[in-house]
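Trainee: Have a look at the structure that comes next, please.
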Amino acid sequence: MSNMLEVKDLKAYYGPSQALHGISFSLAKGGITTLLGANGAGKTTTLRAICGMVRAEGTVTIDGEPVTGKATESVVRLGVGHVPEGRGTFTELSVEENLRVAAYTRRDKAAAARDLEMVFTYFPRLKERMDQQAGTLSGGEQQMLAISRALMLGPRLMLLDEPSFGLAPLIVQEIFRIMRRINEEAKVSMLLVEQNAALALDLADHAYVLETGRVVMSGTSADVKSDEQIRKSYLGY
Amino acid sequence: MEQLLQQVASGLANGAIYALLALALVMIFVSTNHINFAQGEMAMFSAFVCWQLLNWGYPFWVALPATMLFSFIIGVLIERIILRPLHTAPLLSVVVVFIGLLAIFHSLAGAIWTHTVKPFPSPFPNFTFAGSGIIGPHQIGMIVVAVGMLALLFCFFRFTPLGLAMRAAALNATSARLVGINVDWMLALGWGLAATVGSVAGVLVAPVVYLEPNMMAGILLYGFAGALVGGISSPGGAVAGGFIVGVLENMVAYLGNMLERATGFYLIGNGEKLTVALIIVITVLTLKPSGLFGRVTVKRV
């Protein structure tokens, strides 16, 4: 089986400073891979580099198609749902408009309507809040909206940047449960960036540990979890 | 009493023009945070183009859409060719470019059509009706066309997918890219639409102020005042602000005239209209910087 995402020797830069020093990893079709590591390790930068949001070198292939150097909107149109750091909600638009605008580029409007129904089965709370200004939602609801917005693109691959950030543990559990369902039912491959390593390792099948822009360790989630050395030095739990 | 109504009516008619210009300014401001100083001169140039088409014998209702289309294309081209390379440039560079554009349109119009003042025929039929003493047919036409244009734009931004995409791009460019919207093109479209709205303002006001390269200088200031009074980040507010400034400038002159007639003391009159408008702007900005209708958005963190 070919990989959904293949990253080789990826380097990324913010202005003159280099944030990624040639990282390589892959994500199998239908799989969930997580990138772990401390603040500043380059996790968010990796997601941004995949989507053409920072200056990057190296090769990124999505389902066999090379995307390095492409504009963000072109990468997204290949079916990449990026749930960014800070959620990126259109706070001044209504919940409905947030979801509608995500389907803007889709030709198949019937499929978009089906995906909207799917979103409501995952997050029934959003249906109640359709007319509400998105900025007035609670943090958990905004995260649900951000994930739903990515789903409205009809993605093959989702890039999730710290979906647990700033949320109460119960909400986080709910969101992670739904992410597993999305992965299994909608057959969406996922690349997950998390600070909460324990949570991420439970959901993902493979893990890569980053430190200052380099991969220092990788393996199946089970291997990483059981390696006490790694856990203590890099994951801090 | 009749005179008061006359003043209000003509204030609304002028206000319609200010509202269009204010809206054009706001449309560019919300997506780029720039005030296009050349908006007035672009509108003036469009009015000349319309006049040229009329002069060549085309009927007005052909000339106006053609002028709007021409202005749209010019707006898109200015964004794509002149402003695109300046996306990361400091604010001052952009300001200088706007001033350059202003000068270019100004001298181009003068070079092509000379600086002689030209009459511009009103496209609206001259007829008498019950309220003829209060409002003229051209003033009614100005209000109707401007309000129609505003309603169309409202529907476009509120109800069409493209309108929604343009709003999304203006509100949060990064997130808009992440849902596949080509933000660069949305900016160019916004410029095109703003130029189109401005061109309608220019064509509508040309019969009132006559056609010449300086015709929009004062009017742009009023439009700017309207945009600020209503709230520079709020399209609806800018429109309301345009009408408010239009009525207000006439009211001030009217009250000044009344005062002079009653007491013989000249405090304020037609000559001070612009001064008063600017005093109002400064007052609003001091007391309520977001403008009367500036949206205060709720954000929970």
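If you read the sequences in order, they're chains Z and A. Using the numbering used here, read the first sequence as starting at 1 and increasing by one per residue. Using the numbering used here, read the second sequence as starting at 1001 and increasing by one per residue. Glycine is no exception: its CB is placed at the ideal position from the N, C-alpha and C atoms.
1) Does Z/M130 pass the burial test, meaning 16 or more other C-beta atoms within 10 Å, or should it be called exposed?
2) Identify whether A/I1232 lies in helix, strand or coil by the three-state DSSP scheme.
3) Over the uninterrupted beta strand (DSSP E) stretch that includes Z/L27, give me the two end residues.
4) Does any residue of chain A have a CB that is nearer than 9 angstroms to the CB of Z/A102?
5) Beta-carbon within less than 6 angstroms of Z/V60's beta-carbon, same chain only, minus the 5 sequence neighbours each way: which residues are those?
6) Measuring CA to CA, which of A/A1130, A/L1189, A/F1105 and A/H1087 is closest to A/I1073?
7) So that I know if they touch, is there some Cβ in chain Z lying closer than 9 angstroms to that of A/L1164?
8) Could you tell me the distance, in whole angstroms, from the CA atom of Z/G40 to the CA atom of A/T1160?
9) At what residue ranges does the stretch 1204-1253 of chain A contain a whole run of the beta strand (DSSP E), taking only runs of 3 or more?
10) I need the DSSP call for A/V1301, collapsed to helix, strand or coil.
11) My understanding is that Z/G88 touches A/N1172, with C-beta atoms under 8 angstroms, so please give their C-beta distance in whole angstroms.
12) For the alpha helix (DSSP H) containing A/N1014, name the first residue and the last one.
13) For Z/F90, go through chain C and note every residue whose CB falls closer than 7 angstroms to its CB, in chain order.
14) Any residues in the stretch 19-37 of chain Z with a beta carbon nearer than 7 angstroms to a beta carbon of chain A? Which ones, in chain order?
15) When the Cα atoms are used, what is the spatial distance from Z/V75 to A/V1179?
16) With a threshold of 16 other CB atoms inside 10 Å of the CB of Z/K43, please say whether the residue is buried or exposed.
17) Just verifying my parser: in three-state terms, what is the DSSP assignment at A/V976?
18) For A/G1015, is the classification buried or exposed, using 16 other Cβ atoms within 10 angstroms of its Cβ as the cut-off for buried?
19) If we count Cβ pairs, one from each stretch, closer than 8 angstroms, do we get three or more for the stretch 1224-1236 of chain A versus the stretch 1015-1032 of chain A?
20) At the level of alpha carbons, what is the spacing between A/L1069 and A/G1075?
21) Run through chain Z and tell me which residues come within less than 7 angstroms of A/N1182, C-beta to C-beta.
22) Which residue or residues does DSSP assign as beta-bridge partners of Z/T34?
23) Against Z/R77, what residues of chain A qualify as contacts under a CB-to-CB distance less than 7 angstroms, listed in chain order?
24) In chain Z, which residues lie less than 7 angstroms from A/P1161 when you measure between Cβ atoms?
25) Does A/P1289 come out as helix, strand or coil in the three-state DSSP assignment?
26) Nearest to Z/L47 by CA position, among Z/A38, Z/A28, Z/K29 and Z/L10, is which residue?
27) Sort out for me which residues DSSP pairs Z/E6 with in a bridge.
28) Could you tell me which chain A residues have their CB closer than 8 angstroms to the CB of Z/H82, listed as they occur along the chain?
29) According to the neighbour-count rule (16 or more other Cβ atoms, all chains shown, within 10 Å of its Cβ), is A/A1111 buried or exposed?
30) Assuming Z/T72 and A/R1177 are in contact, meaning their beta carbons sit under 8 angstroms apart, how far apart are those beta carbons, in whole angstroms?
31) Whole beta strand (DSSP E) runs in the stretch 142-176 of chain Z with 3 or more residues, listed along the chain?
32) In the stretch 121-133 of chain Z, which residues sit with their C-beta less than 7 angstroms from some C-beta in chain A, listed in chain order?
33) Mind pulling the chain A residues with CB within less than 8 angstroms of Z/R114?
34) With DSSP as the reference, label A/H1115 as helix, strand or coil.
35) Does the pairing of the stretch 157-168 of chain Z with the stretch 97-117 of chain Z give three or more beta-carbon distances under 8 angstroms?
36) Expressed to the nearest angstrom, what Euclidean distance is found between the alpha-carbon atoms of A/T1275 and A/T1283?
Mentor: Let me spell this out:
1) exposed
2) coil
3) S17 to A28
4) yes
5) V7, I50, V67 and T68
6) A/L1189
7) yes
8) 41 angstroms
9) none
10) Any reading at A/V1301 is ruled out, since the residue's pLDDT is 46, under 50, leaving its predicted position unreliable.
11) 7 angstroms
12) E1002 to T1032
13) The structure shown has no chain C; the protein chains it does contain are Z and A.
14) none
15) 10 angstroms
16) buried
17) Because chain A spans 1001 through 1301 in this model, residue 976 of chain A falls outside it and cannot be assessed.
18) buried
19) yes
20) 10 angstroms
21) E73
22) Z/L192 and Z/A207
23) G1180
24) Y104
25) coil
26) Z/L10
27) Z/S26 and Z/T61
28) L1178
29) exposed
30) 4 angstroms
31) 157-161
32) Q133
33) Here the premise fails: no neighbours, minimum Cβ distance about 18 angstroms.
34) coil
35) no
36) 12 angstroms
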